[in-house]
Each structure stands twice: as structure tokens, then as C-alpha cells.
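Participant:
Number of protein chains: 2
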Amino acid sequence: MPKTSAVLAKEPVRQPAKSAATRRKILDAAARTFRDKGYAATTLNDIADAAEIRAASLYYYFRSKEDLLDAVFGIGMQRVVDAVRQRSAALPANATLAQRIQVAIEAHLEMLLQQGDYTSANIRIFGQVPKSVQRKQLPLREDYAEFWRELLEKAQKAGEIRAEVDLGIMRMLIFGALNWCTEWADPKKGPVREIARQATMLVLDGIARRKK
Amino acid sequence: MPKTSAVLAKEPVRQPAKSAATRRKILDAAARTFRDKGYAATTLNDIADAAEIRAASLYYYFRSKEDLLDAVFGIGMQRVVDAVRQRSAALPANATLAQRIQVAIEAHLEMLLQQGDYTSANIRIFGQVPKSVQRKQLPLREDYAEFWRELLEKAQKAGEIRAEVDLGIMRMLIFGALNWCTEWADPKKGPVREIARQATMLVLDGIARRKK
DNA sequence: GTCTATAAGGTGATAGAC
DNA sequence: GTCTATCACCTTATAGAC
Chain G
34 MPKTSAVLAK
44 EPVRQPAKSA
54 ATRRKILDAA
64 ARTFRDKGYA
74 ATTLNDIADA
84 AEIRAASLYY
94 YFRSKEDLLD
104 AVFGIGMQRV
114 VDAVRQRSAA
124 LPANATLAQR
134 IQVAIEAHLE
144 MLLQQGDYTS
154 ANIRIFGQVP
164 KSVQRKQLPL
174 REDYAEFWRE
184 LLEKAQKAGE
194 IRAEVDLGIM
204 RMLIFGALNW
214 CTEWADPKKG
224 PVREIARQAT
234 MLVLDGIARR
244 KK
Chain Y
34 MPKTSAVLAK
44 EPVRQPAKSA
54 ATRRKILDAA
64 ARTFRDKGYA
74 ATTLNDIADA
84 AEIRAASLYY
94 YFRSKEDLLD
104 AVFGIGMQRV
114 VDAVRQRSAA
124 LPANATLAQR
134 IQVAIEAHLE
144 MLLQQGDYTS
154 ANIRIFGQVP
164 KSVQRKQLPL
174 REDYAEFWRE
184 LLEKAQKAGE
194 IRAEVDLGIM
204 RMLIFGALNW
214 CTEWADPKKG
224 PVREIARQAT
234 MLVLDGIARR
244 KK
């Protein structure tokens with residue numbers, strides 16, 4: 034909430050930098066704690082401790098615990114949407130399915146495993162969060178789903194994906210393979226790049242050795 | 034807790050059928066509620082209501098909320114282990130990788146989506162549950178992982194899985210694709226069989242049309 | 001076995017001083 | 001902006017009657 038301006042002040046209007054920084058600290062703390070413990074098990078005291086303030090001060094920045102959760106979710110989903118769209122847009126227009134899939138998988142996994150707790154919090158705990166918050170997030174989720182839906186549909190129409198593939202089911206299976214990585218993958222123990230490589234391999238060619 | 038017997042009674046010792054039935058009702062209610070809302074958000078009153086008793090009565094059957102969770106988890110994991118092992122054992126000794134994978138995937142998905150809330154509760158909320166409960170469940174989980182590890186290792190040694198496949202990563206990606214189904218698949222809206230078919234297709238051959 | 005009553009402690013949220 | 005103090009409520013768990 035920026036000051037409503039002070040037109041006649043000699044000093045340039047100070048952006049409330051400190052306030053913004055505190056807000057960010059709260060969001061960071063909330064994202065990490067929600068991600069690790071889930072929504073219900075996380076208390077405002079947990080978040081306040083991690084953000085180095087008192088629990089009551091949270092209410093200067095957010096109206097309620099649900100509001101804070103909603104903010105974390107929004108940031109997390111927006112980030113993955115932006116990352117995947119941006120990286121895909123950078124591909125040449127004639128890029129193959131294999132290239133497009135690989136780029137999307139890499140971007141998705143990087144946001145999930147390296148970039149931040151916001152996206153992984155969203156992915157991990159979404160299903161066990163108050164329905165009201167889920168509902169508010171649906172448009173953004175749908176936006177992301179739409180990206181993949183288009184990608185896969187175009188590829189199937191172009192003959193790059195076999196006709197027997199049910200795109201609706203397959204898209205969710207692919208999301209599953211990727212999203213589940215929050216449950217086991219540790220970027221400190223192995224490069225995300227290698228996971229992305231194996232995931233791309235799975236999606237495009239499976240694991241079997243055979244002649245198609 | 035069965036009666037400690039009454040050797041001289043004319044009537045055969047009555048199994049505490051009513052007690053066992055109540056215990057089962059509690060477990061069923063707990064599995065469903067944990068699955069839907071998560072562990073922390075589920076109160077003992079929620080469970081008691083669904084089981085049609087008072088919350089205090091739960092303590093006649095379980096020492097604590099954690100104990101109840103542990104029981105639900107144990108049943109859920111045991112069921113999927115049994116189902117997958119049993120169905121796999123029924124295959125002929127010379128069954129191919131494709132057949133073995135398909136059978137395991139089908140059994141896993143059926144337990145997850147049709148058979149009960151116990152397995153899906155375990156899969157869904159495991160990551161956001163007290164560490165003490167997670168630790169108690171590890172041996173059983175490891176047991177199940179071992180089944181897949183063996184299946185994949187044998188297949189790769191036999192040349193049925195390409196050498197470039199990292200079995201550790203790939204196993205977790207496959208688990209992800211399957212386990213994520215609890216988040217979106219609805220057996221009422223489409224047959225589990227078809228999801229299993231697509232999942233098997235993904236794992237064995239991916240989605241791309243190309244000559245290997 | 002199941003209940004009512006209650007303890008002991010924590011929760012999200014608000015009021016108001018500074 | 002951040003704090004201390006506090007409220008009203010809900011939680012897990014126990015005690016003891018029936």
C-alpha cells in the first residue's frame with residue numbers, strides 16, 4: 034500500500050521500501066512454512082517467527098490467514114506460467130514437439146524445485162486447502178492448463194503425437210510425473226537438469242526398447 | 034481386543050463383533066476425512082461425527098490422533114502392496130515387461146481410485162503429516178518401492194528397458210504420474226481401466242510418433 | 001463401550017498504546 | 001508499522017458415571 038502521494042513535498046515521495054521488504058519477508062516465510070507443513074498445521078506464529086515479527090503484525094499486511102495463503106498461491110502459479118510461456122516463446126516458430134516439450138518440462142521443474150517455495154507450496158498443498166481459496170485460484174490454474182492443452186493438441190494434429198493418445202488423461206499424467214517431484218527430488222542431491230532429461234524421455238519415448 | 038476367553042462357558046466365546054465393527058467404522062471415517070481435508074484440518078469431532086459416536090469414544094480404540102493416522106496409513110499401504118504383489122504373481126513366469134508393467138499399474142490405480150480411502154489417504158497426505166508417523170511408515174513404503182525397483186532392474190538387465198534410462202529417477206516419475214491421479218481422477222466420470230491404459234502407454238512408449 | 005463434563009493449552013483475530 | 005494484551009473459540013485428551 035503506497036502512500037497516496039504528497040504533491041508539494043520537496044523530497045521525492047519515498048516508496049515504502051521497508052514496508053515492501055517486510056511484506057516480502059512474510060510471504061517468503063509463509064510460502065516455505067505452508068509448503069513444508071501444510072496450511073492447517075501452519076500457525077501464524079510459525080510464519081511470524083520465520084519472518085522475525087509478531088503474529089499480530091501480519092494483519093497490517095494481510096486481512097487473514099486465508100488471504101496470505103491466496104497471495105502465496107497467486108505468486109507461485111503466476112511464476113510458473115510466466116516462466117513456461119517465456120521460455121517457449123523464445124523457441125523458433127518451427128521448433129519440433131520434442132523441443133517444445135523439453136523446454137516446458139525444464140521450466141516447470143526449475144520453478145518447482147529451484148526457484149522458490151511459492152510454486153511448490155501451491156502444487157503441494159492445493160488439494161487440502163479451504164475450498165474458497167481453491168476457487169479463487171481456478172482462473173490462473175486454468176490459464177496454465179490451457180498452455181499445455183494447446184501445445185499437445187497442435188502436436189497431435191500435426192501428427193507428432195500418436196492418435197491413440199488421450200490428451201486429457203495424458204496431460205494429467207504428465208503433470209503428475211512433474212509435480213510429484215516436490216515430494217522426493219532434492220536439487221542439492223542431483224541436478225534438476227537430469228530429472229528434466231529423464232522426464233522428457235519418459236513423455237516422448239517411454240522406457241521400453243522396441244521398434245515402433 | 035478380544036475377551037480373554039471363558040473356558041467353561043457353554044456358549045462359544047463371542048467375538049466382540051460389535052466392537053470390531055465400530056473400530057472399522059472409525060477407521061473408515063478417519064481415512065475418508067484425512068484424505069479429503071488433510072491431517073491437521075481434520076478434528077476428532079469430524080471423525081466421530083462420520084462414525085456416529087462421540088469424540089471421547091475414539092480413545093477406547095486408539096490412544097491418540099496420531100495412532101489413528103498410523104493405523105489408516107498402515108492399512109492403506111499394506112493393501113496396495115498386497116494387491117500389486119498378488120496380481121503380479123499370477124502372471125506366467127515368462128511374462129514380458131509390458132505385461133508386468135501393465136498389471137502393476139492397473140493394480141496400483143485400482144487401489145488408489147476405486148478400492149478405498151485408505152491408500153489414497155496415505156499417498157495424498159503423507160508429506161504433510163508429523164515426522165514421527167512418517168518414520169513409522171517407512172519400512173512398509175520401502176517394501177513397496179522395492180517391488181518396483183526389482184521389476185525395473187530385471188527388465189533393464191534383460192534389455193527390455195533402454196540403458197539410458199535412470200531407474201531411480203524414472204521410478205519416481207512413474208509413481209508421480211500414478212499417485213497424482215488422486216488429485217484429479219474420478220472413477221465416476223471415466224473408467225480407471227482407460228487411465229491405466231494411457232499410463233501404461235506413457236511408461237512404455239511415450240506419446241511421440243517416431244521410428245526408434 | 002459409550003457417554004457427559006471438563007481440563008489445559010493453543011488458535012485466529014482485534015484493540016489500542018507507542 | 002510494530003508491539004503487548006486480550007478475546008472468544010476450538011482442540012486433543014482425560015476422568016469418571018452409567
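Respectively, the protein sequence lines represent chains G and Y. In terms of this note's numbering, the first sequence opens at residue 34 and continues consecutively. In terms of this note's numbering, the second sequence opens at residue 34 and continues consecutively. Positions of the beta carbon are idealized from the N, C-alpha and C atoms, including for glycine. Keep in mind it's a predicted model, so treat the numbers as computed, not measured.
Determine, for Phe159 (chain G), whether the minimum Cβ-Cβ distance to residues of chain Y falls below 9 Å.
Facilitator: True, the Cβ-Cβ gap to chain Y drops below 9 Å.
Participant: Where are the beta strand (DSSP E) runs, 3 residues long or more, that stay fully inside the region 90-177 of chain G, in chain order?
Facilitator: Here no run is fully enclosed.
Participant: CA-CA distance, Ile194 (chain G) and Ile138 (chain Y)?
Facilitator: Distance between the alpha carbons of Ile194 (chain G) and Ile138 (chain Y) is about 22 Å.
Participant: Residues of chain G with a CB under 7 Å from the CB of Arg120 (chain Y): which are they?
Facilitator: Neighbours of Arg120 (chain Y) on chain G: none; closest Cβ ~20 Å, over 7 Å.
Participant: Are there 16 or more other CB atoms within 10 angstroms of the CB of Leu130 (chain G), so buried, or fewer, so exposed?
Facilitator: With 16 or more other Cβ atoms within 10 Å, it is buried.
Participant: Using a Cβ cut-off of 8 Å, which residues of the region 102-116 of chain Y contact any Cβ in chain G, in chain order?
Facilitator: The region 102-116 of chain Y vs chain G, Cβ under 8 Å: nothing.
Participant: Quick check on the burial criterion: 16 or more other C-beta atoms within 10 angstroms. Buried or exposed for Asp150 (chain G)?
Facilitator: Its Cβ being crowded by 16 or more others within 10 Å, Asp150 (chain G) is buried.
Participant: Answer with buried or exposed for Lys98 (chain Y), where buried requires no fewer than 16 other C-beta atoms within 10 angstroms of its C-beta.
Facilitator: That one is buried.
Participant: Look up Gly196 (chain Y) in the DSSP assignment and say whether it is helix, strand or coil.
Facilitator: The sequence given here has Ala at residue 196 (chain Y), not Gly. Three-state DSSP puts Ala196 (chain Y) in coil, outside helix and strand.
Participant: With a CB to CB cut of under 7 Å and the five nearest residues on each side skipped, what residues in its chain are close to Gln111 (chain G)?
Facilitator: Counting only Cβ-Cβ distances below 7 Å, and skipping sequence neighbours, we find Leu173.
Participant: Would you please verify whether the beta carbon of Asp100 (chain G) is less than 9 Å from any beta carbon of chain Y?
Facilitator: For Asp100 (chain G), the answer is no, since every Cβ of chain Y falls outside 9 Å of its Cβ.
Participant: Assuming Leu60 (chain Y) and Val114 (chain Y) are in contact, meaning their beta carbons sit under 8 Å apart, how far apart are those beta carbons, in whole angstroms?
Facilitator: 18 Å between Cβ atoms; not a contact.
Participant: Looking at the secondary structure, which residues open and close the alpha helix (DSSP H) in which Asp219 (chain G) lies?
Facilitator: Taken as a continuous stretch (DSSP letters only), Asp219 (chain G) belongs to no alpha helix (DSSP H), as it is neither H nor E.
Participant: Go ahead and label Ser90 (chain G) buried or exposed: buried means 16 or more other beta carbons lie within 10 angstroms of its beta carbon, across all protein chains shown.
Facilitator: Classification of Ser90 (chain G): exposed, given that the 10 Å Cβ count is below 16.
Participant: Any beta carbon from chain G within less than 9 Å of Tyr18 (chain Y)'s own beta carbon?
Facilitator: Missing from the structure shown is residue 18 (chain Y); chain Y here goes from 34 to 245 and no further.
Participant: I want to see whether chain Y comes within less than 9 Å of Gln231 (chain G), judged by CB atoms only; does it?
Facilitator: By this cut-off, Gln231 (chain G) is an interface position.
Participant: Restricting to Cα atoms, I'd like to know which of Y:Leu142, Y:Asp79, Y:Lys187 and Y:Ser52 is closest to Asn127 (chain Y).
Facilitator: Among Y:Leu142, Y:Asp79, Y:Lys187 and Y:Ser52, the Cα nearest to that of Asn127 (chain Y) belongs to Y:Lys187.
Participant: Quick check on the DSSP output: the alpha helix (DSSP H) that includes Arg65 (chain Y) runs from which residue to which?
Facilitator: From DSSP, the alpha helix (DSSP H) with Arg65 (chain Y) extends over Ala50 to Lys70.
Participant: For Ala88 (chain G), does the three-state DSSP call read helix, strand or coil?
Facilitator: Helix.
Participant: Could you work out which residues of chain G lie near Ala83 (chain Y), taking near to mean beta carbons separated by less than 9 Å?
Facilitator: Under the 9 Å cutoff, chain G gives no residues; its nearest Cβ is about 17 Å from Ala83 (chain Y).
Participant: Could you check what DSSP says for Ala241 (chain Y) in three-state terms: helix, strand or coil?
Facilitator: Of the three classes helix, strand and coil, the one that applies to Ala241 (chain Y) here is strand, per DSSP.
Participant: Three-state secondary structure (DSSP) at Thr233 (chain Y)?
Facilitator: Three-state result, Thr233 (chain Y): helix.
Participant: Quick check: does the Cβ of Asp103 (chain G) come within less than 8 Å of any heavy atom belonging to the ligand ZN?
Facilitator: In the structure shown, the ligand ZN is absent, as is every other ligand, since no ligand is present at all.
Participant: Quick one: Cα of Arg118 (chain Y) to Cα of Phe180 (chain Y), how far?
Facilitator: Going from the Cα of Arg118 (chain Y) to the Cα of Phe180 (chain Y) covers about 8 Å.
Participant: Residues of chain G with CB under 7 Å from Leu206 (chain Y), in chain order?
Facilitator: Ala210, Gln231, Ala232 and Leu235, listed in chain order.
Participant: Rounding to the nearest angstrom, what Cα-Cα distance links Ala122 (chain Y) and Ala232 (chain Y) in this structure?
Facilitator: Between Ala122 (chain Y) and Ala232 (chain Y), the C-alpha separation is close to 21 Å.
Participant: Using the beta-carbon count (16 or more within 10 Å), is Arg157 (chain G) buried or exposed?
Facilitator: Result: buried.
Participant: Among Y:Arg204, Y:Trp213 and Y:Thr152, which one has its Cα closest to the Cα of Leu235 (chain G)?
Facilitator: The shortest C-alpha separation from Leu235 (chain G) is found at Y:Arg204.
Participant: I believe Trp29 (chain Y) touches Trp213 (chain G) by the beta-carbon criterion, under 8 Å. Please report the beta-carbon distance rounded to the nearest angstrom.
Facilitator: Residue 29 (chain Y) is absent from the structure shown; chain Y starts at 34 and stops at 245.
Participant: Buried or exposed, going by whether 16 or more other CB atoms sit within 10 Å of the CB of Arg57 (chain G)?
Facilitator: Under this definition Arg57 (chain G) is an exposed residue.
Participant: Whose CA, out of G:Ala81, G:Ile202, G:Gly192 and G:Ser165, lies closest to the CA of Arg182 (chain G)?
Facilitator: Nearest C-alpha to Arg182 (chain G): G:Ile202.
Participant: Run the CB neighbour count on Gly239 (chain Y), radius 10 Å, all protein chains shown included, and call it buried at 16 or more, exposed below.
Facilitator: With 16 or more other Cβ atoms within 10 Å, it is buried.
Participant: In chain order, what residues of the same chain lie with their CB nearer than 6 Å to the CB of Ala88 (chain Y), ignoring the 5 residues before and after it?
Facilitator: Closer than 6 Å at Cβ, skipping near neighbours: Leu77, Asn78 and Ala81.
Participant: Please compile the residues from chain Y whose C-beta is within a distance smaller than 8 Å of the C-beta of Trp181 (chain G).
Facilitator: Those within 8 Å of Trp181 (chain G) in chain Y number zero; the least Cβ separation is about 12 Å.
Participant: Using 8 Å for Cβ pairs, my map puts Arg68 (chain G) next to Ala83 (chain G). What's the rounded Cβ distance?
Facilitator: The Cβ separation is near 12 Å, so there is no contact.
Participant: In its own chain, which residues sit with a C-beta less than 8 Å from the C-beta of Ala178 (chain G), not counting the 5 before and 5 after it?
Facilitator: Closer than 8 Å at Cβ, skipping near neighbours: Arg204.
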